[in-house]
Structures are given as C-alpha cells and as structure tokens.
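Reviewing the structure listed below.
In this note's numbering, the protein residues as written are -2 to 122.
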C-alpha cells in the first residue's frame, strides 16, 4: 500500500514544518483547528522514531498547543498518536485536537472493554 503521507501530501497544505516534521490540518477534523504532525521520514511506530527526533516532536507539540491556545482561546488539547494498525495508508503521526470544556468529546467515545493482564504489563516495566 502506498503511504499518502510519503507520496500524496501537497506542499501547499503544509502549515508549518521543522527539520523532521510537517504540520497540516486534519482532512476530517474532530474539532476546528485539529492538526496533524507528520514525520518527514516514514516510521511505522513511535518506537522507530529516533530519540532526538522524538524530542523535537515534543517541543513541536508544546509550540503548537501554545499557538492554538492563543489563537482559538481553547481550554486544552488532546494529543493522540496513530501507528501500526490504526494508521492505514499512512505512517506514524500525531493528532492535536483543540478542546473546550463543553465540547462533549469524551461523551462521543464508546469503546468495547478488553480484559488485559495488568500484572503482566507491570512485570514488563
């Protein structure tokens, strides 16, 4: 499958970029101002992103969050990353979703509960 972030991202859609990341509007936004931070290199998972590049990502998340707060008077952001199964047709990327106290964001989410062995997870740490 061809990665749309590697081959179909229009340069005119890039709002901001750093050495390792491009920032664009989400094409199907959850909220006005919903941004995607897309790595310039193709990584399938966050763990494949080199440590120095992850630091740049963290700094970029802070910068964009501050700019969203100033420009849109938001109450906060939800930051979520997609990789592996959940990035069909793309590669690793991060969502910055502007949030408002009354936006009902979490009210819309209904997940099927999966039983996990948390003891196994704690041992893995």
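We put the CB at the ideal spot given by N, CA and C, even for glycine.
In this text, all values refer to a predicted model and were calculated from it rather than measured experimentally.
The three-state secondary structure of residue 79, taken from DSSP, is strand. For residue 95, the secondary structure class from DSSP, reduced to helix, strand or coil, is strand.
For residue 1, the uninterrupted alpha helix (DSSP H) segment begins and ends at 1 to 4. Beta-bridge partners of residue 65 (DSSP): none assigned. In this chain, the beta strand (DSSP E) harbouring residue 19 covers 18 to 22. Here DSSP, grouped into helix, strand and coil, assigns residue 32 to strand.
Under DSSP, residue 90 takes part in a beta bridge, and its partners are 35 and 79. Residue 12 sits away from residue 93, with the two beta carbons spaced by 8 angstroms or more.
In the structure shown, residue 52 falls within a helical segment according to DSSP collapsed to helix, strand and coil. Counted as a single uninterrupted DSSP element, the alpha helix (DSSP H) harbouring residue 121 occupies residues 115 to 121.
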